[in-house]
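Let me begin by presenting the structure, written as structure tokens, before commenting on it.
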DNA sequence: CTGCATCCTTGCTGATACTG
DNA sequence: CAGTATCAGCAAGGATGCAG
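Residue numbers (UniProt numbering), protein chains in the order written: chain A, 1 to 129; chain B, 1 to 129.
This is the structure in structure tokens:
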């Protein structure tokens, strides 16, 4: 079953994290997105142009970046500002809601740097068997 | 490019979160996994049998659950204990490393419940255009 | 510069059936 | 009970070309 299905089926909050329609799952879906967290992290430093974000995040395709930015915009986490210049210039910036995620992102980053060695060691040990 | 590729290509830490081989990305990959976080949350309450986990998490298939548990075990987040009884009984339990993730999971959950209303409202507003 | 449209490949995912 | 094996369907993601 896909997440799109969950969203279509219900938007209600039922308080059970393990239920299909739980908002936690929907948030997990966004956080879990491979690029969303990285984009939010980039925007931590203030507004950024499309090209700047693309240049900062290695390995993201144009398609995925645009798709991710649209999703973040839809969820009210970032704003998109188009400047009517030639060539066009588009700025993305975190909203208040988006900034409320920064603590989480920092915690995620922190856990990663703190425990990555353990995880890699565990993987090596597991694979050695 | 897939994550598997990253892991194969390099296991080094380079300190740049936006670089392809950054450990942050590898951790994000696991956190980002649809089921990993839910499984860790279930195991918060202590050891659980395979069937208990399956019954708690709605919508997870047997295949995905097994796959998720194996990945968590490989990463050193969960231990798997097989009891030689008939019928067999398999318990899963968080390791110390796994428990170090609990704060993050709680923060994630907390953000979800706190801001889900805003996100859903933003989506409605966006879709209405 | 920004980003939409299209094609195309990959592999995730769920359903089903079977085993120790 | 707790898996493994296999298969079909579909969606995610990348590459390319074009437009405003």
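Yeah, the Cβ is synthetic: ideal placement off N, Cα and C, and Gly gets one too.
| said: Check whether the region 91-110 of chain A and the region 34-42 of chain A touch, using three or more Cβ-Cβ pairs below 8 Å as the test. | reply: yes
Between residue 119 of chain A and the rest of its own chain, which residues show a CB-CB distance below 8 Å, the 5 nearest in sequence each way excluded? Along the first chain, read from residue 1 onward, the residue named residue 119 of chain A stands at position 119. Around residue 119 of chain A: no qualifying Cβ.
Report task. Tell me whether residue 91 of chain B sits in a helix, a strand or coil according to DSSP, three-state version. Result -> Indexing the second chain from 1 puts residue 91 of chain B at position 91. Residue 91 of chain B: strand per DSSP, three-state reduction.
Buried or exposed: which applies to residue 124 of chain B, given that a residue is buried once 16 or more other Cβ atoms fall within 10 Å of its Cβ? Indexing the second chain from 1 puts residue 124 of chain B at position 124. Exposed.
Validate contact between the region 24-33 of chain B and the region 78-92 of chain B using beta carbons, cut 8 Å, 3 pairs: no
* Asked: Hey, is residue 90 of chain B's beta-carbon within less than 7 Å of any beta-carbon in chain A?
  -> The residue given as residue 90 of chain B occupies position 90 in the second chain. So, not an interface residue.
Using beta carbons (cut-off 7 Å, strictly below), is residue 35 of chain B in contact with chain A? Taking the first residue of the second chain as position 1, residue 35 of chain B is located at position 35. With 7 Å as the cut-off, residue 35 of chain B does not count as an interface residue toward chain A.
Cβ neighbour criterion (16 or more within 10 Å) applied to residue 23 of chain B: Here residue 23 of chain B refers to the residue found at position 23 of the second chain. That one is buried.
Where does residue 86 of chain A fall in DSSP's three states? Here residue 86 of chain A is taken as the residue at index 86 of the first chain, counted from 1. Of the three classes helix, strand and coil, the one that applies to residue 86 of chain A here is coil, per DSSP.
What three-state label does DSSP hand residue 78 of chain B in the structure shown? Here residue 78 of chain B refers to the residue found at position 78 when the second chain is read from its first residue. Strand at residue 78 of chain B.
Counted within 10 angstroms of its Cβ, other Cβ atoms place residue 128 of chain A as buried (16 or more) or exposed: Numbered from its first residue, the first chain carries residue 128 of chain A at position 128. It counts as exposed.
*Does the beta-carbon of residue 121 of chain B have 16 or more other beta-carbons within 10 angstroms, so that it is buried, or is it exposed?*
Taking the second chain and counting its residues from 1, the one referred to as residue 121 of chain B is at position 121. Counting Cβ neighbours within 10 Å, residue 121 of chain B comes out exposed, since fewer than 16 surround it.
Query raised in the report: What residues from chain B crowd round residue 40 of chain A, counting only those whose CB sits closer than 8 Å?
Result: Within the first chain, residue 40 of chain A is the residue found at index 40, counting from 1. Under the 8 Å cutoff, chain B gives no residues; its nearest Cβ is about 11 Å from residue 40 of chain A.
* Could you give the residue range of the alpha helix (DSSP H) that holds residue 103 of chain A? -> Along the first chain, one-based indexing puts residue 103 of chain A at 103. Note, residue 103 of chain A: alpha helix (DSSP H), 102-127.
Listed from N- to C-terminal order along the chain, which residues in the region 111-126 of chain B have their beta-carbon within a distance smaller than 9 Å of any beta-carbon of chain A? 111, 112, 113, 114, 115, 116, 117, 118, 119, 120, 121, 122, 123, 124, 125, 126
Review point. Which residues, in order along the region 58-74 of chain B, keep a beta-carbon less than 8 Å from a beta-carbon of chain A?
Key: 58, 59, 73, 74
Exercise for the section: Could you check the C-alpha separation between residue 3 of chain A and residue 73 of chain A for me, to the nearest Å? Expected result: The residue given as residue 3 of chain A occupies position 3 in the first chain. The residue given as residue 73 of chain A occupies position 73 in the first chain. Here the model assigns residue 3 of chain A a pLDDT of 35, short of 50, so the residue's position is not dependable, and the following value carries that caveat. C-alpha separation (whole angstroms): 18 Å.
Q | Neighbour flag for residue 76 of chain A against chain B, beta carbons, 7 Å | A | As a position in the first chain, residue 76 of chain A is number 76, starting the count at 1. By this cut-off, residue 76 of chain A is an interface position.
Item checked: Any chain B beta carbon closer than 7 Å to residue 96 of chain A -> In the first chain, the residue the question calls residue 96 of chain A occupies position 96. Not one chain B Cβ lies under 7 Å of residue 96 of chain A.
- Please check if any C-beta of chain A sits within less than 7 Å of the C-beta of residue 56 of chain B. Residue 56 of chain B sits at position 56 when you count from the first residue of the second chain. Yes - at least one Cβ of chain A is within 7 Å of the one on residue 56 of chain B.
Practice task
Could you check if residue 82 of chain B is buried or exposed, using at least 16 other CB atoms within 10 Å of its CB as the buried criterion?
Solution key: Residue numbering aside, residue 82 of chain B sits at position 82 when the second chain is read from its first letter. It is exposed - the Cβ of residue 82 of chain B has fewer than 16 other Cβ atoms within 10 Å.
Using the three-state DSSP reduction, which class does residue 99 of chain B fall into: helix, strand or coil?
Looking up residue 99 of chain B in the second chain gives position 99. Three-state result, residue 99 of chain B: helix.
Worksheet item: In whole angstroms, what is the alpha-carbon distance linking residue 61 of chain A and residue 97 of chain A?
Response: Here residue 61 of chain A refers to the residue found at position 61 of the first chain. Here residue 97 of chain A refers to the residue found at position 97 of the first chain. Cα to Cα, residue 61 of chain A sits roughly 26 Å from residue 97 of chain A.
Beta carbon proximity, residue 18 of chain B to chain A, threshold 7 Å:
Taking the first residue of the second chain as 1, we reach residue 18 of chain B at position 18. It does; some Cβ of chain A falls within 7 Å.
Practice task
Using three-state DSSP, classify residue 30 of chain B as helix, strand or coil.
Solution key: Residue mapping note: residue 30 of chain B aligns to position 30 of the second chain, counting from 1. Helix.
Residue burial classification, residue 48 of chain A (beta-carbon count within 10 angstroms, cutoff 16)
Here residue 48 of chain A corresponds to residue number 48 of the first chain, with the count starting at 1. Buried is the call here.
Answer with buried or exposed for residue 51 of chain B, where buried requires no fewer than 16 other C-beta atoms within 10 angstroms of its C-beta. As a first step, residue 51 of chain B is located in the second chain; it is residue number 51 there, counting from the start. Exposed: under 16 other Cβ atoms inside 10 Å.
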